[in-house]
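Novice: The opening residue of the sequence shown carries number 1 in the numbering used here; numbering runs sequentially from there.
Note that the Cβ used here is the ideal one computed from N, Cα and C, for glycine as well.
These numbers were taken from a predicted model, which means no experiment stands behind them.
What follows is a single structure, and I will ask about it in a moment.
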Amino acid sequence: MEHNIDATNKKLGRLATEVAVLLMGKNTPDFAKNKVADIKLNITNASKMDIDEKKLTTKEYQRYSGFPGGLKRMKMSEVVAKKGFAEVLEKAVYGMLPANKLRAKLMKNLVIEE
């Protein structure tokens with residue numbers, strides 16, 4: 001099954017929850033927590049999402065290299081400038097999926113286009 005979603009004028013969080021539910025297959029009658037749903041999701045116009053200016057300047061993403069002093073922080077505006085709006089949406093959806101062995105497999109069914 002294939003779904004197409006237009007991200008124009010949609011809020012980031014609302015869109016991410018909708019996408020996470022569809023990826024897990026919770027809207028289908030044969031939903032099972034331990035199975036990857038046979039769903040392909042295409043999201044278009046990610047750059048036309050409705051993101052507030054305040055969120056662009058205050059929201060921070062961080063990663064840690066494992067070494068002392070290796071904590072890296074980037075504001076949302078920096079991530080958008082470097083990797084685009086698709087990366088921001090991908091991180092939001094990734095965080096809303098259950099943290100288990102299926103998460104990486106579920107993310108492979110997601111295609112985001114600017």
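1) Determine contact between the segment 3 to 12 and the segment 37 to 45, defined as no fewer than three beta-carbon pairs at a distance below 8 Å.
2) Assuming the contact rule is C-beta atoms closer than 8 Å, Leu22 and Ile39 should be a hit. Round their C-beta distance to whole Å, please.
3) Is it true that the segment 60 to 69 meets the segment 92 to 104, where meeting means three or more beta-carbon pairs spaced less than 8 Å apart?
4) Give me the Cα-Cα distance between Ser77 and Ser65, rounded to the nearest whole angstrom.
5) Could you round the C-beta distance between Thr17 and Met96 to whole angstroms and report it? I think they count as a contact, below 8 Å.
6) What residue does the beta strand (DSSP E) around Lys40 start on, and which one ends it?
Specialist: Let's see:
1) Yes, they touch.
2) The residue given as residue 22 occupies position 22 in the sequence shown. The residue given as residue 39 occupies position 39 in the sequence shown. That pair is a contact at about 6 Å.
3) Contact between the segment 60 to 69 and the segment 92 to 104 is absent, because fewer than three Cβ pairs lie under 8 Å.
4) As a working note, residue 77 is residue 77 in the sequence shown. As a working note, residue 65 is residue 65 in the sequence shown. Between Ser77 and Ser65, the C-alpha separation is close to 22 Å.
5) Residue 17 sits at position 17 when you count from the first residue of the sequence shown. Residue 96 sits at position 96 when you count from the first residue of the sequence shown. Here Thr17 really is in contact with Met96; their C-beta atoms are around 6 Å apart, less than 8 Å.
6) Here residue 40 is taken as the residue at index 40 of the sequence shown, counted from 1. Residues 40 to 44.
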